[in-house]
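2 protein chains.
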Amino acid sequence: MSDVAGRDPEAVSRFVERFAAQLVEAGLARMPARVFAALLASDSGALTSAELSRQLQVSPAGVSGAVRYLSQVHMLSREREPGSRRERYRVHSDQWYQALTNREAIIKRWEDALREGVASLGAETPAGHRLAETLAFFEFIEKDVAEMMERWQVRRAELFGDER
Amino acid sequence: MSDVAGRDPEAVSRFVERFAAQLVEAGLARMPARVFAALLASDSGALTSAELSRQLQVSPAGVSGAVRYLSQVHMLSREREPGSRRERYRVHSDQWYQALTNREAIIKRWEDALREGVASLGAETPAGHRLAETLAFFEFIEKDVAEMMERWQVRRAELFGDER
DNA sequence: CCTTAACTTCACAAATTTCTGAAAGAAGCG
DNA sequence: CGCTTCTTTCAGAAATTTGTGAAGTTAAGG
Numbered sequence: 001m002s003d004v005a006g007r008d009p010e011a012v013s014r015f016v017e018r019f020a021a022q023l024v025e026a027g028l029a030r031m032p033a034r035v036f037a038a039l040l041a042s043d044s045g046a047l048t049s050a051e052l053s054r055q056l057q058v059s060p061a062g063v064s065g066a067v068r069y070l071s072q073v074h075m076l077s078r079e080r081e082p083g084s085r086r087e088r089y090r091v092h093s094d095q096w097y098q099a100l101t102n103r104e105a106i107i108k109r110w111e112d113a114l115r116e117g118v119a120s121l122g123a124e125t126p127a128g129h130r131l132a133e134t135l136a137f138f139e140f141i142e143k144d145v146a147e148m149m150e151r152w153q154v155r156r157a158e159l160f161g162d163e164r
Numbered sequence: 165m166s167d168v169a170g171r172d173p174e175a176v177s178r179f180v181e182r183f184a185a186q187l188v189e190a191g192l193a194r195m196p197a198r199v200f201a202a203l204l205a206s207d208s209g210a211l212t213s214a215e216l217s218r219q220l221q222v223s224p225a226g227v228s229g230a231v232r233y234l235s236q237v238h239m240l241s242r243e244r245e246p247g248s249r250r251e252r253y254r255v256h257s258d259q260w261y262q263a264l265t266n267r268e269a270i271i272k273r274w275e276d277a278l279r280e281g282v283a284s285l286g287a288e289t290p291a292g293h294r295l296a297e298t299l300a301f302f303e304f305i306e307k308d309v310a311e312m313m314e315r316w317q318v319r320r321a322e323l324f325g326d327e328r
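These protein sequences, in sequence, are chains A and B.
Positions 1 to 164 (this note's numbering) are the ones given, in order, by the first sequence.
Positions 165 to 328 (this note's numbering) are the ones given, in order, by the second sequence.
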């Protein structure tokens with residue numbers, strides 16, 4: 001036990017469900033959204049499968065699936081507690097900001113599809129032009145987002161001190 | 165007729181389905197994704213309900229639903245052809261770049277949920293700190309994305325000339 | 001006004017997704 | 001090694017989402 005003591009479980013749950021609902025609206029599946037929100041709202045920033053299962057009223061199987069997905073998209077990392085078969089799932093702020101903006105893999109595939117479209121519809125056609133411009137937009141975004149994240153690191157240090 | 169003549173419908177369809185698949189993966193519903201992709205790939209940048217229905221092999225009802233959604237999230241605009249009950253649906257590049265980045269409404273609601281979380285979990289708790297930092301991140305993003313779009317306008321003019 | 005073309009709404013069938021319980025699979029510990 | 005604890009996998013039930021046909025609405029054009 002670690003996290004729950006001394007906190008109002010009602011308040012936690014209210015936040016978790018509300019924030020998860022927003023994530024769902026943005027396209028994340030429900031269970032991963034709830035798991036992620038629960039981690040964000042935990043004091044330690046890490047919870048075990050059992051804790052998640054109890055807090056969210058969900059079967060261990062459900063947690064397992066959600067966690068698998070979230071770690072695939074780098075929104076959490078798994079850690080093994082030394083000398084125990086319990087696993088903890090943790091959010092690293094850095095990591096998840098990256099994941100959020102770092103749609104890099106996705107953007108890359110969009111770009112591929114667009115390049116192919118330009119080629120097959122003809123670069124000189126009106127549609128080809130539109131696709132080419134969209135492609136240029138993505139290429140621009142890709143670069144600029146990376147720079148934005150660097151600016152954020154600076155800003156964060158300003159706001160919260162350099163408590164890396 | 166306008167768009168299809170002289171183009172390889174196969175090639176168009178291939179692009180539409182591939183690009184739509186990427187949009188789906190990013191969280192858009194299937195039908196809106198296909199409609200949107202078809203518009204992007206059209207020479208005129210605008211299609212009627214009937215054209216979409218035929219090209220995508222989908223009932224008018226399906227098109228109607230997709231179009232309603234897309235116009236709600238500002239990814240297309242509707243225009244009435246003067247003196248006809250036909251309606252055309254159009255992508256404006258500007259508009260859709262905005263829509264893509266302008267998750268503004270979404271971000272705002274995230275921020276609301278986070279602010280509430282900070283308040284109810286306590287700004288001095290570890291969880292409260294984490295939420296506060298996440299909130300700061302979103303506030304930063306929100307501002308910086310707006311600036312990024314301005315930079316894109318400049319870049320676009322460079323690349324394509326000022327063919328507003 | 002009446003007809004007809006174009007789009008929308010709605011109830012429902014079909015397909016898909018989500019979550020569970022049960023069983024199997026790892027890994028610490030004696 | 002075997003026991004125990006924790007996690008994962010998997011088949012299927014339940015819930016949700018998606019797209020359709022049919023009926024309804026709106027507005028142009030006679």
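Glycine included, every Cβ here is placed at the ideal spot set by N, Cα and C.
Please read these numbers as outputs of a predicted model, since none were measured by experiment.
Within chain B, the C-beta atoms nearer than 7 Å to that of A/Tyr-97 come from Phe-301, in chain order. Rounded to the nearest whole angstrom, the CA to CA distance from A/Leu-76 to A/Glu-87 is 12 Å. Secondary structure at A/Ser-44: coil, using DSSP grouped into helix, strand and coil.
Interface annotation, B/Asp-308: in contact with chain A, CB-CB separation under 7 Å. Beyond the five residues adjoining it in sequence on each side, B/Ser-257 comes within less than 6 Å, by CB distance, of no other residue in the same chain. Nearest Cα to B/Trp-316 within the set B/Thr-265, B/Leu-187, B/Ala-201, B/Ser-248: B/Thr-265.
Interface criterion met: the Cβ of B/Gln-186 is under 7 Å from a Cβ in chain A.
The segment 36-56 of chain A and the segment 278-291 of chain B touch, with three or more beta-carbon pairs separated by less than 8 Å. For A/Ala-99 against A/Val-63, the beta-carbon gap comes to about 19 Å, at or over 8 Å, which does not count as contact. Secondary structure note for A/Arg-54: its alpha helix (DSSP H) is the uninterrupted segment 49-56. Listed as beta-bridge partners of A/Ser-77 by DSSP are A/Arg-90.
For a Cβ distance threshold of 8 Å, residue set Ala-127 of chain A lies close to B/Ser-206, ordered along the chain. Annotation: Cβ neighbours of B/Leu-285 in chain A (cutoff 9 Å, chain order): Arg-7, Asp-8, Ala-11, Val-12, Phe-15, Ala-41, Asp-43.
The CB of A/Ser-77 never comes closer than 7 Å to any CB in chain B; the least such distance is about 15 Å.
In this structure, B/Ala-210 places its C-beta atom within 7 Å of the C-beta atom of B/Arg-254. Setting aside the 5 residues that flank it on each side, B/Val-282 is surrounded in the same chain by Gly-292, Leu-295, Ala-296, Leu-299, each with a C-beta closer than 7 Å to its C-beta; the list follows chain order. In the DSSP assignment, A/Ser-120 falls within the alpha helix (DSSP H) that extends over 104-121.
Contacts with chain B at 7 Å (Cβ-Cβ) include A/Met-148. Remark: C-beta atoms of B/Phe-302 and B/Trp-274 approach each other more closely than 7 Å. One finds nothing in chain B with a Cβ atom closer than 9 Å to the Cβ of A/Gly-62; even the nearest lies about 21 Å away. Look at B/Gly-325: its C-beta is not under 7 Å from any C-beta on chain A. Interface residue (Cβ-Cβ distance to chain A less than 7 Å): B/Arg-232 is not classified as such.
Close to A/Glu-25, with beta-carbon spacing below 9 Å, are these residues of chain B in chain order: Ile-270, Arg-273. Nearest CB-CB separation between A/Gly-117 and chain B: below the 7 Å threshold. With respect to the 7 Å criterion, A/Leu-52 and A/Val-24 are not classified as neighbours on the basis of their beta carbons. For B/Pro-224 and B/Gly-247, the gap between their C-alpha atoms comes out near 21 Å.
Linking B/Ser-213 to A/Phe-15 through their CA atoms gives a straight-line distance of about 42 Å. Against chain B, the CB of A/Arg-155 has a partner CB under 7 Å away; the residue lies at that interface.
About 17 Å separates the Cβ atoms of A/Ala-123 and B/Phe-183, ruling out a contact at the 8 Å cut-off. B/Ile-305 and A/Ala-26 do not touch by the CB rule: their CB atoms are close to 13 Å apart, not below 8 Å.
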